[in-house]
Structures are given as C-alpha cells and as structure tokens.
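My numbering numbers the first residue of the sequence shown as 8 and each following residue consecutively. Cβ coordinates follow ideal geometry from the N, Cα and C atoms, glycine included.
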Amino acid sequence: MCLAVTPITFTGYFGAGSAEALAPAPAPAPSTVPTLNLNTAPAPAPAPAPEPLVPGMPIVTALARVFTVGDVWKEWGEGFAGQKAVRELEETWGSRWRPGNGVRVQFCRRKVIWDELLARMASGKCKEAAVAELELLRAGRSLNRLVDELKQRRRRGQDRGQGQGQIRARDQVQLEVRAVGAEDPAGKADRPRRRKPAAS
8 MCLAVTPITF
18 TGYFGAGSAE
28 ALAPAPAPAP
38 STVPTLNLNT
48 APAPAPAPAP
58 EPLVPGMPIV
68 TALARVFTVG
78 DVWKEWGEGF
88 AGQKAVRELE
98 ETWGSRWRPG
108 NGVRVQFCRR
118 KVIWDELLAR
128 MASGKCKEAA
138 VAELELLRAG
148 RSLNRLVDEL
158 KQRRRRGQDR
168 GQGQGQIRAR
178 DQVQLEVRAV
188 GAEDPAGKAD
198 RPRRRKPAAS
C-alpha cells in the first residue's frame with residue numbers, strides 16, 4: 008500500500024504561507040553584513056605624532072621617568088634622559104611643546120615641585136638644601152604623594168606667614184621621624200594639630 012504525500016501549506020491568519028516563504032533567505036553579500044566580533048578586530052594603529060606648529064619646535068609626547076626630587080630638578084634645569092631642559096622649552100615655546108593631555112598632566116604635577124624648589128631657593132636656600140628638604144618631606148614615598156602633600160599644604164595655608172618654602176620646627180621634627188623610620192610615640196605625626204581659639 009502506498010500513501011500519497013500531500014504538501015501541507017498554512018494559509019490563514021496564523022499560517023506561515025507557502026513552502027517558498029518558509030525557505031531560508033539567501034545570505035547577503037559579505038561587504039554589507041555588519042560584524043561585531045571584537046576578538047578578531049585588528050589593534051588600532053598608534054596615533055601619529057602631532058605636527059609641530061613652528062619648524063624646529065620639539066614635540067614631547069611624554070616626560071622622562073623620574074624617581075627623586077633631584078631628578079625632577081635636573082629635568083627642569085639641565086634636561087633628563089636625553090630630553091631638553093623643561094625650563095628652556097617653556098621659555099622658548101610656551102605650552103606648545105606639550106600638546107598631548109598626558110604630557111600636560113605630567114607637567115602640571117611636576118610644576119608643583121619645581122615651584123616649591125624655586126620658592127625655597129628664592130628665600131635664600133641653596134639648591135642642594137631645597138632638594139634635600141623636599142626629599143625629607145617625601146620620606147621615601149612616591150613623587151605623586153609628595154605633590155599631593157605640597158598641594159594640601161598650599162590649601163591649608165601651613166606656610167602662611169612664614170614665606171613659602173619654609174618648614175615649621177614641628178614639621179621638621181615630623182620629617183626627621185619619618186626619615187629615620189622611628190615611630191611617633193603619640194602616633195600623631197601625620198595629623199595636623201588644631202589650634203584653640205584665643206579667649207577674649
């Protein structure tokens with residue numbers, strides 16, 4: 008016995024239509040198919056160095072790596088790691104030599120140290136003494152922590168009335184305690200003291 012096979016088509020409201028309508032659609036051309044495969048995307052090419060605005064103007068994309076206050080000062084006055092002195096670049100080209108945001112951030116953070124050293128030297132200290140004082144203040148921490156400390160001191164006005172760049176005797180003792188590595192018996196070396204208002 009042989010049964011006849013009759014194709015069934017659904018035509019109505021819920022129907023899918025004829026067999027031709029159920030066939031898969033042909034694949035579009037590969038150039039028109041958008042892809043989101045992030046794993047196989049080629050790495051972006053590095054951005055080209057910006058063109059100098061003036062012929063002969065150096066373009067610095069990053070400042071040298073520095074590790075000490077002495078390195079920071081040398082970078083300002085003499086140049087460091089094969090780069091020209093920042094003082095010379097600033098005097099000659101203004102801010103045009105540092106067009107990238109990364110260099111601007113580095114410059115602004117180091118400028119806090121340069122300004123502090125210049126202020127200490129303007130108050131009569133020699134370069135070596137000013138550098139040594141900031142190294143003591145840094146106390147083995149990173150240069151970024153030193154910058155943060157100097158900014159906090161400016162905001163709090165700790166140097167008000169004494170001239171910028173001078174350290175109070177209490178601060179000097181705290182610096183010596185940090186430098187030697189001794190413990191502060193009261194545990195208050197890092198906390199600023201509050202002054203009581205004068206009774207009237």
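Helix, strand or coil at residue i [DSSP, three-state]
{"i": "A75", "result": "One point to set straight first is that residue 75 is Thr, not Ala, in the sequence displayed. The answer is coil: DSSP assigns T75 none of H, G, I, E or B."}
{"i": "R94", "result": "helix"}
{"i": "C133", "result": "coil"}
{"i": "E82", "result": "helix"}
{"i": "F114", "result": "helix"}
{"i": "R105", "result": "coil"}
{"i": "V138", "result": "helix"}
{"i": "V61", "result": "coil"}
{"i": "V154", "result": "helix"}
{"i": "L143", "result": "helix"}
{"i": "I120", "result": "helix"}
{"i": "R127", "result": "helix"}
{"i": "T99", "result": "helix"}
CA-to-CA distance, residue j to residue i, given in whole angstroms
{"i": "A88", "j": "A71", "result": "6 Å"}
{"i": "L99", "j": "V61", "result": "Residue identity differs from the one stated: residue 99 is Thr in this sequence, not Leu. If you take the alpha carbons of T99 and V61, they lie about 11 Å apart."}
{"i": "G147", "j": "E156", "result": "13 Å"}
{"i": "N151", "j": "W104", "result": "23 Å"}
{"i": "K91", "j": "Q113", "result": "16 Å"}
{"i": "D122", "j": "P106", "result": "21 Å"}
{"i": "R116", "j": "K81", "result": "16 Å"}
{"i": "V180", "j": "V76", "result": "Interpretation of V180 is limited by its pLDDT of 48, a score under 50 that renders its predicted location unreliable; no figure is taken from the coordinates."}
{"i": "A129", "j": "V138", "result": "13 Å"}
{"i": "L125", "j": "W83", "result": "11 Å"}
{"i": "E142", "j": "E135", "result": "10 Å"}
{"i": "V184", "j": "E85", "result": "Any answer about V184 is weak, because its pLDDT of 46 lies below 50 and its placement is not dependable; what the coordinates show is given next. Distance between the alpha carbons of V184 and E85: 33 Å."}
{"i": "G131", "j": "V110", "result": "31 Å"}
{"i": "V79", "j": "R163", "result": "25 Å"}
CA nearest to the CA of residue i, picked from the options
{"i": "F74", "options": "I120, R160, A129 and M128", "result": "I120"}
{"i": "N108", "options": "R161, W83, R94 and V67", "result": "V67"}
{"i": "G101", "options": "S130, V76, C133 and P65", "result": "P65"}
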